[in-house]
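If you want the numbering used here, it's the 1-based position in the sequence shown plus 7.
Shown next, in structure tokens, is the structure this report addresses.
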Amino acid sequence: MSFLSKLFRWERGRQKSGYDKMLLCGAIWPIKFDTYLLKFSQGSEIAPHTDKVDSGKHYRLNIVLKKADVGGEFICTNPIFETKRIKLFRPDVSEHQVSKVVKGNRYLLSIGWLKST
């Protein structure tokens, strides 16, 4: 699927665990990055995992726009920076997950980039 055909359209998240994502923007030059709006509906969750990359260091900044009423908590083994609404981490080296959304929906803005090594 091409970049433009994914832009501003909801699709299932990579982990096939019930969340949806919408590509808002991205580029491959001068720095490879992507920006998504993520929606975690009631019942969705993400199991513990890492996101491997072919080369470079992968960084991701997640900004919680709306918390779920119950559940939907982000859990990361080694975040770079973390508050209730801001999560900066290395998804390629730090195991991370989202607990099950028990009630309500959770929305976040997710910005990821690769730093060449």
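Built from N, CA and C at the ideal position, the CB exists for glycine as well.
Around Glu102, the same chain offers Pro55, Thr57, Thr84 as residues with beta carbons nearer than 6 Å, after the five sequence neighbours per side are excluded. Between Leu30 and the set Ser117, Pro37, Leu121, the nearest pair of CA atoms involves Ser117. Under the three-state reduction of DSSP, Ser123 is assigned to coil, being neither helix nor strand. Taken through DSSP and simplified to helix, strand or coil, Phe10 comes out as helix. Minimum Cα-Cα distance from Ile53 among the listed residues Tyr43, Arg21, Asp41 corresponds to Arg21.
Per DSSP, the beta-bridge partners of Gln104 are Ile82.
At a Cβ-Cβ threshold of 9 Å, Lys59 and Asp99 count as neighbours. The C-alpha of Gly78 is placed about 32 Å away from the C-alpha of Lys122. Nearest in C-alpha terms to Ser9, of all of Asp27, Cys32, Ser51, Lys64, is Cys32. According to DSSP, Asn69 shares a beta bridge with Lys94, Ser117.
Under the three-state reduction of DSSP, Thr57 is assigned to coil, being neither helix nor strand. Per the DSSP secondary-structure output, Phe40 pairs in a beta bridge with Ala34, Trp120.
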